[in-house]
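Sequence order for the protein chains is A and B.
Residue numbering for the first sequence follows my numbering, beginning at 1 and increasing consecutively.
Residue numbering for the second sequence follows my numbering, beginning at 249 and increasing consecutively.
This report refers to the structure that appears directly beneath it.
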Amino acid sequence: MSTWDWQVFCKDTTGGEVVAGCFGKGGDITYLDWLFSAWGWTLSVSALALLVALVLGSVMGILRTTPHRGLVLLGNAWTELFRNIPLLVQIFLWYHVVPALFPFLRGVPSFLLVVMGLGLFTSARISEQVRAGIQSLPRGQQMAGLAMGFTLPQTYRHVLLPMAYRIVIPPLTSESMNIIKNSSVAFAVSISELTLFALQAQEETSRGIEVYLAVTGLYFVSAFAINRVALFVENRVRVPGMIGGGGH
Amino acid sequence: MIRRTTLVASIALATLSLPVLAQEGTLKKIKDSGTATMGVRESSGGLSFTLGDGKFAGFHVELCQRALADVQKQLGLAKLDIKYQPVTSQNRIPLVQNGTVDIECGSTTNNATRQKDVSFAVTTYVEEVRIGVKANSGITSIGQLNGKNVATTTGTTSVQHLRKHERGTGVDFKEVFGKDHADSFLLLESGRADAFVMDGQILAGNIAKSKSPGDFKIVGEVLSVEPIAIMVRKDDPAFKKAVDDSLMAMMKSGEMAKIYDKWFMQPIPPTNTKIGLTASEATKAAWASPNDKPMEDYAKK
């Protein structure tokens, strides 16, 4: 459409003048600078939350498949707690309620609280996938490992997990892409990520279509990049003859 | 057979539209349908807010109700249904443009960019952007905001004025965005932000509603002056004139000041608290000489 105005990104956020080269100089910020900074926040929140989610989700998922009832209970409780509360509510709990209950958390930046909120929410989903992956293996695998003289942790490390993780790579990929998209809730607690940028910049510039298109593009690029990386990993670790190992 | 029906229908339509040829656009739409859709805000201080249960009230809502009553008289309608459509800062302009909303009675700043898309009735309220702080913070001016966290609401333009000041005076502060006014005020209340930069009446309203209003105060220079006006469709001079005439009659008769007093100086529902904000000199000036000048014209003075 002829009415589009992509120059909007070259505008200075203070005066609204178009800056040559589109990037602000000497402390001035253009909307393009702001867009990239917002993208950076989205990626940082997502990456750290994904790290938290993968570590805790794996631990909890593994606990749920062990023969110890106490550990299974802990894993189940964790998973049900974090997946039965809406994400936005969890973020608000971390941001408003937790610091009120534990005063020492008041100094913690909201960025870290959001990372914890998003990470724990996703860890419940990952725990479910890891459990499913392990339980999809024949029970004889674990027994064989133990019969070979492996301890339980060794059985997990050398027998069960290498196969289980290969099986759950596809759902884990979806979950990692979801984290990028779910990170948009961070705007509700004042993280200046892409969604907040979109809401604020479209109001300041009155160029909503351009702003939302750019933000949509960046979300797509980010999620799609994760998809490609995961596909690369999936192909690299593929073992012929195993589930998903090709030959079909 | 079909062709004849079409012919009859088009003749009927042509005769029907003849008497109303003089009226076009919104006035015609209101006359034909017997309804008008008013765009309202869920929470825009005393200007426009919800009472819950699909009911809306406020200074601008009442002005619109009176203006629509005058429109009804002008059109000679026996009955006019007013439908209330809640709008947000993001969708209010598109909804007025596409005809969903006939008259927007919220807290929209009349500025030059928006005048490209919509028209504004005469300015009925002049907003001053101020700084709200905790009373014990010791902050009394913009200069003291150096290194502080400053809250503002996503989707408002208040922070742009502060940025301008920032560049002018070398004051360096961090912007924190609340998702709505209540959230921004919570940022100030909980200490996550040291100041809340927003329209004076919204600050006053939030302070009035807080647990201990004495703990907060409004300080500092006026960061910007913004004419707030009722919004109507662009290129519809007949409807704009009908609304303007009604508003100007209220300004002249002193009715406007009475309605202002009702919403800003007296206890208002739903909590029966007072906003307690007297009409500013700029607002009184706008009533004395009605105009629809955009914000840019105020800045020049």
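Ideal placement from N, C-alpha and C gives every residue a C-beta, glycine not left out.
Predicted model only: the values in this text are computed from it and were never measured.
query: So which residues on chain A does B:PHE304 lean against when the C-beta distance must stay under 8 Å?
result: Those do not exist, as B:PHE304 stays about 22 Å from chain A at its closest Cβ, beyond 8 Å.
- Query: Does the ligand GTP have a heavy atom nearer than 7 Å to the CB of A:MET163?
  - Reply: Although the ligand GTP was asked about, the structure shown includes no ligands whatsoever.
(request) Give the residues of chain A in contact with B:ARG362, contact being defined as C-beta atoms less than 9 Å apart. (result) SER206
**Asked** So the beta strand (DSSP E) B:PRO334 belongs to, where does it begin and stop?
**Response** 329-334
Could you tell me which of A:GLY145, A:LEU172 and A:VAL59 sits nearest to A:ASN227, measuring between CA atoms? A:LEU172
**Study point:** Per-residue contacts from B:LYS427 into chain C (C-beta, under 9 Å)
**Key:** Among the protein chains of the structure shown, namely A and B, there is no chain C.
message: Between B:VAL424 and chain A, is the shortest Cβ-Cβ distance under 8 Å, so that the two count as touching?
response: yes
| said: Taking beta-carbon pairs under 9 Å, can you tell me which members of the region 12-24 of chain A lie near chain B? | reply: THR13, THR14, GLY15 and GLY16
Would you say A:GLU203 lies against chain B (beta-carbon separation less than 8 Å)? yes
**Cα-Cα separation, B:ARG289 to A:MET163** = 56 Å
With burial defined as no fewer than 16 other Cβ atoms inside 10 Å of the residue's Cβ, what is the status of B:ASN454: buried or exposed? buried
- prompt: Which bits of chain A does B:GLN408 rub up against, with CB to CB less than 8 Å?
  reply: THR13, THR14 and GLU204
> Are the C-beta of B:ARG378 and some C-beta of chain A separated by less than 8 Å?
Replying inline: no
If we call anything under 8 Å between Cβ atoms a contact, is B:THR357 one with B:PRO538? no
*Assign A:PHE232 to buried or exposed, taking buried as 16 or more other Cβ atoms, counted over all protein chains shown, within 10 Å of its Cβ.*
exposed
*asked:* Between B:PHE464, B:GLN313, B:ALA383 and B:GLU503, which has its C-alpha nearest B:ILE351's C-alpha?
replied: B:GLN313
Taking Cβ-Cβ distances shorter than 8 Å, what residues in chain A pair up with B:GLY228? Because chain B in this structure spans residues 249 to 549, residue 228 of chain B falls outside the shown range and cannot be described.
Could you check whether the Cβ of B:GLY403 sits closer than 8 Å to any Cβ belonging to chain A?
yes
Do B:PHE304 and B:TRP511 count as a contact pair if the criterion is CB distance below 8 Å?
no
Name, please, each residue of chain A whose Cβ falls closer than 9 Å to the Cβ of B:LYS522. In chain order: nothing, as chain A lies at least about 28 Å away.
Exercise. Name, in chain order, the residues that DSSP records as bridge partners for B:PHE425.
Key: B:THR400
Closer than 8 Å to chain A by CB, B:LEU393: no
Next on the checklist: Can you check whether the C-beta of B:SER337 is within less than 8 Å of a C-beta belonging to chain A?
Outcome noted: yes
Nearest chain A C-beta to B:LEU435 closer than 8 Å, yes or no?
yes
Should the region 282-302 of chain B be called in touch with the region 498-507 of chain B, which here means at least 3 C-beta pairs below 8 Å?
-> no
When the Cα atoms are used, what is the spatial distance from B:ASP509 to A:VAL185? 40 Å
Checklist entry - What's the gap between the Cα of B:LEU269 and the Cα of A:TYR212? => result Low per-residue confidence applies at B:LEU269: pLDDT is 41, beneath 50, and the placement is therefore not dependable enough to give any value.
task = Taking B:ASP447 as part of the beta strand (DSSP E), name the residues at either end of that continuous run.
result = 443-447
Okay, do the region 88-96 of chain A and the region 26-43 of chain A touch, 3+ Cβ pairs below 8 Å being the bar? no
Roughly how many angstroms separate the alpha carbons of B:LEU393 and A:THR66, rounded to a whole number? 56 Å
**Item:** Within-8 Å CB hit, B:LYS412 to chain A
**Value:** yes
Worksheet item: For A:GLY247, does the three-state DSSP call read helix, strand or coil?
Response: Confidence at A:GLY247 is low in this model, with a pLDDT of 41, below 50, so its placement is unreliable and no value can be given for it.
Q. In three-state DSSP terms, what is B:LEU406?
A. First, the residue type needs correcting, since residue 406 of chain B is Ser and not Leu in the sequence shown. In this structure, B:SER406 counts as helix in the three-state DSSP scheme.
Just the Cα atoms here: how many angstroms apart are B:SER367 and B:VAL480?
5 Å
Margin query: With a threshold of 8 Å, are at least 3 pairs of Cβ atoms found where one atom belongs to the region 407-422 of chain B and the other to the region 334-341 of chain B?
Written below: no
### Query
Counting along the chain, where does the alpha helix (DSSP H) carrying B:CYS312 start and finish?
307-323
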